[in-house]
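Engineer: Under full-length UniProt numbering, the first residue of the sequence shown carries the number 1, and numbering increases by one thereafter.
Take this structure first; my questions come after.
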Amino acid sequence: MFCPNCGNQCPDGTKFCQSCGTPLINNQQQNTQPDFNNQQANYQQPNQQYQQPNYNQYQQPNQYRQPMYNQPYQQYPQYPDKFNGHQMGWYKFLIYFALFAGAFFNVCYAVLYMTGSIYETEQIDPLTVYSLYPGVKAVDIVYGILLLVLAVFMIVTRFQLSGLKKNGPKMVVALYGLNIAIAIIYAILISCTTDYMAFDASTVGQCVIPIVMAIVNKVYFDRRKDIFVN
Numbered sequence: 001m002f003c004p005n006c007g008n009q010c011p012d013g014t015k016f017c018q019s020c021g022t023p024l025i026n027n028q029q030q031n032t033q034p035d036f037n038n039q040q041a042n043y044q045q046p047n048q049q050y051q052q053p054n055y056n057q058y059q060q061p062n063q064y065r066q067p068m069y070n071q072p073y074q075q076y077p078q079y080p081d082k083f084n085g086h087q088m089g090w091y092k093f094l095i096y097f098a099l100f101a102g103a104f105f106n107v108c109y110a111v112l113y114m115t116g117s118i119y120e121t122e123q124i125d126p127l128t129v130y131s132l133y134p135g136v137k138a139v140d141i142v143y144g145i146l147l148l149v150l151a152v153f154m155i156v157t158r159f160q161l162s163g164l165k166k167n168g169p170k171m172v173v174a175l176y177g178l179n180i181a182i183a184i185i186y187a188i189l190i191s192c193t194t195d196y197m198a199f200d201a202s203t204v205g206q207c208v209i210p211i212v213m214a215i216v217n218k219v220y221f222d223r224r225k226d227i228f229v230n
């Protein structure tokens, strides 16, 4: 410390100046008292150059992308329409019912004619008929065989149609033609072996109806010939 009077440097803790005898206690207290003014002056305020965060430089996270649900979806193969958009109601009626039913009834009638039981349905004794007209029994057997052939032809036609074979529609038309042929053959044979004229209204109906159905089916399947390609 220094003497406030003469300026002599004195050791710290000295109460009087060694040169002039001036008391140094008050001066020491003044020196030891905190200088709040200097501290306030020396107080360093926070760096005025504090850099405010640049929020403009904030990197926004990647924009949310909606998941593409179409990617994991597995599309099943689309099978082509084997009917090419045609209405096939009559076709389905033929292959699922008519041809099977026709074959069944033809087999039943074949058995009735070949055994002579067909006459019993009209309350006529078959032995009486065969005794009067011996050739009728042979005609009935032939007719029964033809009906069996017709039944088999119906089943074959059915599977030709269901398989969309090229010959399927042709066999349907031929089926009606075979019906007409069998009806005419039976009428001729009965007329030759008996004195009964078999070409009556029933026989004519058995011929006219198949002709009409043959024409209708021909037109129907000609419009759908593009699907019968197997």
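All C-beta atoms in this analysis are idealised placements derived from N, C-alpha and C, irrespective of residue type, glycine included.
Just so you know, these numbers come straight off a predicted model, no measurement behind them.
Can you list, in chain order, the residues of its chain with a C-beta nearer than 7 angstroms to that of Arg224? Leave out the 5 residues immediately preceding and following it.
Structural biologist: Same-chain partners within the cutoff: His86.
Engineer: Just the C-alpha distance for Gly177 and Pro210, rounded to the nearest angstrom, thanks.
Structural biologist: Each residue's Cα considered, the two are about 7 angstroms apart.
Engineer: What does the alpha-carbon distance come out to for the pair Gly13 and Asn5?
Structural biologist: Going by the C-alpha atoms only, they are around 17 angstroms apart.
Engineer: Which residue's Cα is closest to the Cα of Val212: Phe228, Met88, Asn167 and Ile180?
Structural biologist: Minimum Cα distance to Val212 is reached at Ile180.
Engineer: Please work out which residues of its chain come closer than 7 angstroms, Cβ to Cβ, to Val216, disregarding the five sequence neighbours upstream and downstream, and give them in chain order.
Structural biologist: Hits under 7 angstroms: none found.
Engineer: Out of Asp222, Leu146, Tyr220 and Ala138, state which residue places its alpha-carbon closest to the alpha-carbon of Gly116.
Structural biologist: Answer by Cα proximity: Ala138.
Engineer: Confirm the yes/no value for this check: CB of Ala138, any heavy atom of the ligand SAH, distance under 7 angstroms.
Structural biologist: Judged by which ligands are present, the structure shown has none, so any question about the ligand SAH falls away.
Engineer: Excluding the 5 residues flanking Gly102 on each side, which residues of the same chain have their C-beta closer than 6 angstroms to its C-beta?
Structural biologist: Met154.
Engineer: For Cys17, collect the residues of the same chain with a Cβ closer than 7 angstroms to its Cβ; drop the 5 residues on either side in sequence, then sort them by chain order.
Structural biologist: Excluding positions up to five away in sequence, the list reads Cys3, Asn5, Cys6, Asn8, Cys10 and Leu24.
Engineer: Would you say the region 191-201 touches the region 158-178, given that touching needs at least three Cβ pairs under 8 angstroms?
Structural biologist: Short answer: they don't touch.
Engineer: In three-state DSSP terms, what is Pro11?
Structural biologist: Coil.
Engineer: How should Thr128 be labelled, buried or exposed, when 16 other C-beta atoms within 10 angstroms of its C-beta is the threshold for buried?
Structural biologist: Burial call: exposed.
Engineer: Could you check what DSSP says for Pro4 in three-state terms: helix, strand or coil?
Structural biologist: Pro4 falls in the coil class under three-state DSSP.
Engineer: Which partner residues does Phe16 have in the DSSP bridge list?
Structural biologist: BP columns for Phe16 point to Pro23.
Engineer: Expressed to the nearest angstrom, what Euclidean distance is found between the alpha-carbon atoms of Thr32 and Cys20?
Structural biologist: Low confidence applies to Thr32: its pLDDT is 49, below 50, so where it sits in the model is not reliable, and the reading given next is rough at best. Rounded to whole angstroms, Thr32 to Cys20 spans 22 angstroms at the Cα level.
Engineer: Apart from the five residues on each side of it in sequence, which residues of its chain come closer than 8 angstroms, Cβ to Cβ, to Thr121?
Structural biologist: Closer than 8 angstroms at Cβ, skipping near neighbours: Leu112.
Engineer: In three-state terms, what does DSSP make of Val111?
Structural biologist: Val111 falls in the helix class under three-state DSSP.
Engineer: Grab the span of the alpha helix (DSSP H) containing Ser202 for me, first residue to last.
Structural biologist: Where Ser202 is concerned, the enclosing alpha helix (DSSP H) stretches over Ala201 to Asp222.
Engineer: In angstroms with no decimal places, state the Cα-to-Cα distance between Thr157 and Met171.
Structural biologist: Computed Cα separation, rounded: 6 angstroms.
Engineer: Are Ala174 and Gly144 touching if we call contact CB-CB under 8 angstroms?
Structural biologist: No, they are not a contact pair.
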